[in-house]
Every structure is written in structure tokens, then in C-alpha cells.
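Asks: The listed protein sequences derive, respectively, from chains A and B.
Each residue of the first sequence is one higher than the one before, counting from 1431 in my numbering.
Each residue of the second sequence is one higher than the one before, counting from 1431 in my numbering.
Glycine included, C-beta positions come from ideal geometry on N, C-alpha and C.
It should be emphasised that the depicted structure is a prediction, and the values quoted were computed from it without experimental measurement.
There are 2 protein chains.
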Amino acid sequence: MASLGSFFSGIEAIHYDEDMNPHISKIPKQPTVRRLPSYLYFLRELSEKGEQFVSSSYIANKMQIEPILVRKDLESTLITGTPGVGYHISDLIKCIEDFLGWGKALNAVLVGVDHFGISLLGHRELINFGLRIVAAFDNQPPKCRASFFGVPIYPTAFIAELLRTFSVDLAILCVPAKEAQAVTDILVASGIKAIWNFTSENLAIPDTVITQKEDLASGLAMLSVKLTHIESSRY
Amino acid sequence: MASLGSFFSGIEAIHYDEDMNPHISKIPKQPTVRRLPSYLYFLRELSEKGEQFVSSSYIANKMQIEPILVRKDLESTLITGTPGVGYHISDLIKCIEDFLGWGKALNAVLVGVDHFGISLLGHRELINFGLRIVAAFDNQPPKCRASFFGVPIYPTAFIAELLRTFSVDLAILCVPAKEAQAVTDILVASGIKAIWNFTSENLAIPDTVITQKEDLASGLAMLSVKLTHIESSRY
DNA sequence: TAGATTGTTAATCGATTAACAATC
DNA sequence: TAGATTGTTAATCGATTAACAATC
């Protein structure tokens, strides 16, 4: 089973450009990729305030991590800073966006239009981060309205047809856990490239399809354990 | 800055029981804690199907991780399995729940009743995982209804008063990023113990208050980078 | 020049995996 | 007994941190 995990080893890989000159590029590390959007939020805010330059320690302070970690993360995006000065903010924003492949939008469909699904449809920050939801599907589309936030809602049965017609990179899965595998099978059969899985189900899926699983409960577990440890360390 | 991170070092700590007999307990590792809820989902499913025992490799196969990692994770919960047989499912469920401090409910309030907030109010799985949302707050409580899924909605101005009156462990923060710090200040001043932060803001908060930050964009970043790497490795 | 901050190289720390003896 | 699977101990791998020379 060739796992995608192997893409995230932090090992250097040799690529060749058009003239076949080899150049080394860092294959991104998972934790680094996960931190980059936070940097981006903050940098955009600084940029709006009219700031020009920022140092790794300034970012680190805001994020509550070590400055050297910020420098290592930013290094992955191929930005170079200026000793004694810091990083040029708008260059940095550009580098992070390019690195994450944002800028050119990802087309997505969403399956499962409950409150959570609707909240994603209206999530402006996702749009800022290169995600465009072009259609949504539900077993029982709401009778009273055909769209939310401008995204049209269709019955689930239309998934295959729509994916055949439009170029869609990504499906966002928000259905109940019990329905998740069945919907996934349809999506995979329709040639979807990636699935962003918000259900609690561990999907069985071919290696050729990318998945990203989100699990609310894992955050709650962290909180719960932190609370327990604090409590029990107070005696 | 004494960081809570230090509670998650995987180093053994010596605790003392009532008779002051020292016993070693594993301080939980972050990745382990984050995986436990997934195990729990799966184990409850198996349990419903009437299964009695499960092996680490069976779980590992479902989760797409290595069996030894499952055994290591389960070891943290103090369960012991039976060589040649596996783990007793209902014992295992009990051990994980105890370890995560679930069972006795966490009382929470939610601030910011948009679609996302409403989806949390109705999220049955969170209730299964020991979270009880007792009240919600919003700057503009919906005029047409006083509650969602049985949880009453109050104006934000009432936060301090409610926290003074009821025992609340946790605040769930779903307000827009620009309002996040102001609401946090109120919560902290009202003596909240922990904040589950769904905003994109890195909150400034005293060391005594626990935080857990969730960031949708970090998952999207992972997906986006995976997609980019697949694309660019196809030539 | 002096102060600030990057970027490099090495060290440490933490998490996962491997190997295998113990045991049902 | 033979087969299966745990749990222990050691090895590897990956991520973060430290130290400091280079540079604006």
C-alpha cells in the first residue's frame, strides 16, 4: 500500500526543471504545512495594517512557538529573509500561497447539507484560501430553497452526472457516518481526486484518491485530557 | 512561560496514591490522545455488532496505521490484552473513556451562534464524548427562536452573569476572528477554565487557562499540498 | 561600527517502527 | 502442542531546538 504519508517525510527530493537542471526542493513536512495557514492569517492582518517587514520572533511570539521553528517553516516556502531586518511581508504572503497551491482555486462539491455543511458553504475564509464550492448535494434537499450562499443544492443522486460534466478536484464529505462509505464509493466511481472527510468514518478508498480526515473529537480529547491533568496536578 | 505542552511529553511521571505509594503513570502523548476517539468510534461500532474481542492488527487495518502503534496507544490507557486473543472490547471502551476523562460530562457554553455554532449544538457525537452544552450566546440572538436543539440562546452581555451562577468548564468560541479576543477577555475575567477556539485568531490568554485551537485551514492546506504533489509527480 | 536577525549545521527530543520473547 | 497476539526492549525516523557564523 503506497501511502501518501511518504510525501511528507521532510527529505529532500531532486526535481528537474525544463532544461533538466536538477534542483533540490524540500518536500513539505506535515507539521509545517499545518502551521502555514496560521502564519498567513496573521501576515494578511499585518499587511492590512500597512506593515512592510516582520521578524521570525515577532511571528513566533504571536503563535506561541519558537522563532527558529518559524524560520524553518518559512524556509520550506523558499522565501529568503534579510538578516537584521526580517521578511518582506507581501513577498512572504505570496511565497506561502504559492507553496500551498492557493491562488488558483480548487473546485469542490459538498455532500451533506446540514448546519455544518451550510457553515462551510458560507465560510469566507475558505474562499480566501483557494476553495470554491461549486455545488452541494443532499439526500433531502431543503424544499424551501435551492441554494445557500449562492451554492446550488441538488439531490445526491445527481453526483455522478455533475462530476462528469464539471471539473471538480475535491469532495467535502459532511454526511452522517453511516452513509459516508456509500457516498464515497459513488464519488470514487465518478473519478473524484480528493475527499475532505468530516465524518467519523475511516473510509476505505483506493490509493489513487487523496483523503484528509478531520476529527472534532480529537480536539475535544486533547482538551479533556489537559483539564484532567490540571485538576489532578492541583494537590 | 510555563506551557501546557510540557504535559504531553510522553515522559513517565511519578504520582502518589492516597497511601503515598508511588506508582508510575504515563503522561499521555499528544498523537496518542488524538487517535483515541477514532478507536472509540470503531470499538463502539464493533460492540454494537456483538463482537467480544478485537486484535491490534484488526484496529490498525481499519485506521490504516501499524498494529504496534495501536498497541502502544492502548497501553497508555492501562488496558491489558490477552496474547493470542486480543483486547476485550467493552473493557477497552471503558479504559479509553476513563483515560479521556469522559463519562462524567464537561459543561460547556458556546459563544457565536452562526451555522457552525448551531451545528455543534446539535452534534450528537460530542454528547457521546462527554460534552454538554448548557447555554449559547450571541451578539444578536435570533429573534424567531430562543433555543436550538434545546440549548437556550442569550445575548453575549449575559456571559459573566451566567458563568457566575453555573459551573461551566469550557467555552466554545465560534465568533468572527475580529471579536475573538474581546470575548475571550470576558470569559477569562469570568473565570473560565478552558477555551475551545474555532476562530482563526491566536488568542492572548493567561497560562492558567487551557486552550485548544482548531483550524480548518490547516486540513485544507494538507489537502492542497497533497494534490499539488500528486499532480507534479505525474510527468 | 553596533545591533538585529537570518540561515546553517549539529544536537536533542519525541514518536513510530522493528524484533522477538512471553503467554494465552 | 501450534498458532496467534500481546507487551517489552531496542532501533530508527522525524521534528524541534540550540548555537553561532554570516550579513544586512
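Cβ of Ala1624 (chain B) within 9 angstroms of Cβ of Ile1640 (chain B)?
Replies: yes
Asks: Express the C-alpha separation of Asp1645 (chain B) and Gly1649 (chain A) in angstroms, rounding to a whole number.
Replies: 10 angstroms
Asks: For the alpha helix (DSSP H) holding Phe1472 (chain B), just list the boundary residues, first then last.
Replies: Gln1460 to Glu1478
Asks: Report buried or exposed for Arg1554 (chain A), applying the criterion of at least 16 other Cβ atoms within 10 angstroms of its Cβ.
Replies: exposed
Asks: So for Ile1589 (chain B), helix, strand or coil by DSSP?
Replies: Residue state, collapsed to three classes: helix.
Asks: So for Val1605 (chain A), helix, strand or coil by DSSP?
Replies: coil
Asks: Using a threshold of 9 angstroms, state whether the C-beta atoms of Val1539 (chain A) and Asp1568 (chain A) are closer than that.
Replies: no
Asks: Does DSSP put Phe1559 (chain A) in a helix, a strand or coil?
Replies: coil
Asks: Determine the chain A residues that contact Glu1644 (chain B) at a beta-carbon separation under 7 angstroms, and present them in chain order.
Replies: Gly1649
Asks: Could you tell me which chain B residues have their CB closer than 7 angstroms to the CB of Glu1555 (chain A), listed as they occur along the chain?
Replies: Ser1630 and Ala1647
Asks: Compare the C-alpha of Ser1520 (chain B) against each of B:Ile1635, B:Gln1611 and B:Ser1477 and name the closest.
Replies: B:Ser1477
Asks: What is the C-beta distance between Asn1537 (chain B) and Ser1468 (chain B), in whole angstroms, given that I count them as a contact (C-beta under 8 angstroms)?
Replies: No, Asn1537 (chain B) and Ser1468 (chain B) are not in contact; Cβ-Cβ is about 25 angstroms, not under 8 angstroms.
Asks: Which of the three DSSP states is assigned to Leu1653 (chain B) in this structure?
Replies: helix
Asks: Is there a C-beta anywhere in chain B that falls below 9 angstroms from the one on Asp1503 (chain A)?
Replies: So no, Asp1503 (chain A) is outside the interface.
Asks: What's the gap between the Cα of Ser1486 (chain B) and the Cα of Pro1513 (chain B)?
Replies: 11 angstroms
Asks: Taking 9 angstroms as the CB-CB cut-off, is Leu1657 (chain A) touching chain B?
Replies: yes
Asks: For the beta strand (DSSP E) holding Leu1551 (chain B), just list the boundary residues, first then last.
Replies: Unbroken run through Leu1551 (chain B) is the alpha helix (DSSP H), His1545 to Leu1551; no beta strand (DSSP E).
Asks: Identify, in the order they occur along the chain, each residue of the same chain with its Cβ nearer than 6 angstroms to the Cβ of Val1581 (chain A), setting aside the five sequence neighbours on each side.
Replies: Leu1551, Ile1563 and Ala1566
Asks: For Val1500 (chain A), which of helix, strand or coil comes out of DSSP?
Replies: In the structure shown, Val1500 (chain A) sits in a helix (DSSP, three-state: H, G or I).
Asks: Output yes if chain B places a C-beta closer than 9 angstroms to the C-beta of Leu1593 (chain A); else output no.
Replies: no
Asks: Considering only C-alpha positions, which residue in the set B:Lys1502, B:Asn1491, B:Ile1523 and B:Ser1577 is nearest to Glu1481 (chain B)?
Replies: B:Ile1523
Asks: Assuming Phe1559 (chain A) and Gly1516 (chain A) form a contact by the criterion Cβ under 8 angstroms, report the distance between their Cβ atoms to the nearest whole angstrom.
Replies: The pair is not a contact, with the Cβ atoms about 24 angstroms apart (cut-off 8 angstroms).
Asks: Starting from the C-beta of Pro1572 (chain B), find all residues in its chain whose C-beta is less than 8 angstroms away, skip the five residues before and the five after it, and write them out in chain order.
Replies: Val1543 and Ile1583
Asks: Can a CB atom of chain B be found closer than 9 angstroms to the CB of Leu1653 (chain A)?
Replies: At least one C-beta of chain B is nearer than 9 angstroms to the C-beta of Leu1653 (chain A).
Asks: From which residue to which residue does the alpha helix (DSSP H) around Ile1622 (chain B) run?
Replies: Unbroken run through Ile1622 (chain B): none, as it is neither H nor E.
Asks: Quick one: residues in its chain with C-beta nearer than 7 angstroms to the C-beta of Val1655 (chain B), no 5 flanking neighbours on either side, listed in chain order?
Replies: none
Asks: When Cβ atoms are compared, which residues of the stretch 1492-1525 of chain A fall closer than 9 angstroms to chain B?
Replies: Correct list: Lys1492, Met1493 and Gln1494.
Asks: Quick one: is Gln1460 (chain B) near chain A, going by C-beta distance under 9 angstroms?
Replies: yes
Asks: Is the CB of Ala1612 (chain A) under 9 angstroms away from at least one CB in chain B?
Replies: Ala1612 (chain A) does not count as touching chain B.
Asks: In chain B, which residues lie less than 7 angstroms from Tyr1466 (chain A) when you measure between Cβ atoms?
Replies: Checking the displayed sequence, the identity of residue 1466 (chain A) turns out to be Leu instead of Tyr. The contacting residues are Ala1651.
Asks: In this structure, does DSSP put Val1598 (chain A) in helix, strand or coil?
Replies: coil
Asks: Please state the DSSP three-state secondary structure of Ile1583 (chain A).
Replies: strand
Asks: Once the 5 residues before and after Ile1509 (chain A) are set aside, which same chain residues still bring their CB inside 7 angstroms of it?
Replies: If we look at Ile1509 (chain A) and ignore the five residues flanking it on each side, its Cβ neighbours are Tyr1517, Asp1521, Leu1522 and Cys1525.
Asks: Would Thr1629 (chain B) and Leu1600 (chain B) qualify as a contact pair, given that the criterion is a beta-carbon distance under 9 angstroms?
Replies: Against a cut-off of 9 angstroms, the Cβ pair of Leu1600 (chain B) and Thr1629 (chain B) comes out as no contact.
Asks: Taking 7 angstroms as the limit between beta carbons, can you name the residues of its chain near Arg1474 (chain A), skipping five residues before and five after?
Replies: Ile1523
Asks: Going by C-alpha distance, which of A:Ser1577, A:Leu1617, A:Pro1636 and A:Phe1546 is nearest Ala1587 (chain A)?
Replies: A:Leu1617
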